[in-house]
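Each protein sequence line maps, in turn, to chains V and R.
Position 49 of the first sequence, counting from 1, maps to 50 under the numbering used here, and the rest follow consecutively.
Position 1 of the second sequence, counting from 1, maps to 2 under the numbering used here, and the rest follow consecutively.
The next block holds one structure in the form of structure tokens; read it before the comments.
Number of protein chains: 2
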Amino acid sequence: MLGEFEYLVLSTAASLGDDAYGAAIREEMEEVSDRTCSIGALYTTIDRLEKKGLLKTWMGGATAQRGGRARRMVRITPAGVREAKAFYEAVTRASRRVPWAIEAEEGRP
Amino acid sequence: MLGEFEYLVLSTAASLGDDAYGAAIREEMEEVSDRTCSIGALYTTIDRLEKKGLLKTWMGGATAQRGGRARRMVRITPAGVREAKAFYEAVTRASRRVPWAIEAEEGRP
DNA sequence: GCATTAGGTCTACTTTGTAGATCTAATAGC
DNA sequence: GCTATTAGATCTACAAAGTAGACCTAATGC
């Protein structure tokens, strides 16, 4: 099964779609989760997810801005979607009878 | 932050309320998650959660049935609820823009 | 009193999580 | 064209969480 951080990386990459690359994922993760995400943690996890076939990455071209180096583009694979979905459902199912999730459910518009 | 398995244990214990003890948690987890949960994995995790103050455990009395040994009763602490909630929200927030969660959202009655 | 059963303890190893120092190649400005 | 500055990525090392399963223990049934 996926780890929690792995899930965050996977789902953030999926959310960003075509704009997903290392640094952008990191920024987005920090915004959404409200906590810092170290560079090392991120790329180590990307490497592992790629090795497992849940993510594919390739070097993109440089962008025309100061310091605009080549980006390591990232995309979730079908296998990645499957795993992420399984993780999400596992958490959701386990949360069915639990107050913090029920609250959230009731509070939903 | 919590790990995924830790979350499952915590939320299952919370769901079972007063009936939460080692073996029952294990059974419930297997049922809900549709995969086996080894004894070792469970108790190791319970120990760690207790050490972190997210769970408290104590030995209950023996039950009047064949082999009915003393049970290790388990209860989630307020700190445990806080952590579990934080985990749940982190996963939920990260999943907002992601197809597998949106599907689930739309499918909800 | 011995087989059987519910339930728990212990040990060891693999995977994930996490930080941060360092390296690289691009533009800006002179 | 040289140098400072910047976006972005790689590498190393260690801590924490995940996982299995052999083994121990104290009940009841007969």
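In this text, a Cβ means the ideal position worked out from N, Cα and C, and glycines have one as well.
Predicted, not measured: the structure shown is a model, and the values here were computed from it.
Query                                                                                                                                      : Result
Distance, R:Val75 Cα to V:Asp35 Cα                                                                                                         : 31 angstroms
Residues of the region 22-39 of chain R with Cβ closer than 7 angstroms to any Cβ of chain V, in chain order                               : Val33 and Ser34
Expected contact under 8 angstroms - CB spacing of V:Leu43 and V:Arg27 to nearest Å                                                        : 5 angstroms
Cβ shell of R:Met60 (< 8 angstroms), same chain only, five flanking positions each side left out                                           : Ala71, Arg72, Arg73 and Met74
Helix, strand or coil at V:Val99 [DSSP, three-state]                                                                                       : coil
Contacts around V:Ser16, its chain only, beta-carbon distance under 8 angstroms, and the 5 residues preceding and following it disregarded : Glu29
Chain-order list of residues whose beta-carbon lies under 7 angstroms from that of R:Lys57 (same chain, five-residue window excluded)      : Glu51, Arg76 and Thr78
Closest Cα partner of V:Lys86 within the set R:Arg49, R:Glu106, R:Ser39 and R:Thr45                                                        : R:Glu106
Cβ-based burial, R:Thr13 [other Cβ within 10 Å; buried from 16]                                                                            : buried
Nearest candidate by alpha-carbon position, reference V:Arg94, set R:Gly81, R:Thr45 and R:Glu32                                            : R:Glu32
Cα-Cα separation between V:Ile55 and R:Tyr8, rounded to whole angstroms                                                                    : Here residue 55 of chain V is Leu; the residue named in the question, Ile, does not match the sequence. So the two alpha carbons sit approximately 23 angstroms from each other.
C-beta contact flag for V:Tyr89 and R:Ala102 at 8 angstroms                                                                                : yes
With 16 other Cβ atoms within 10 Å as the buried cut-off, status of R:Thr45                                                                : exposed
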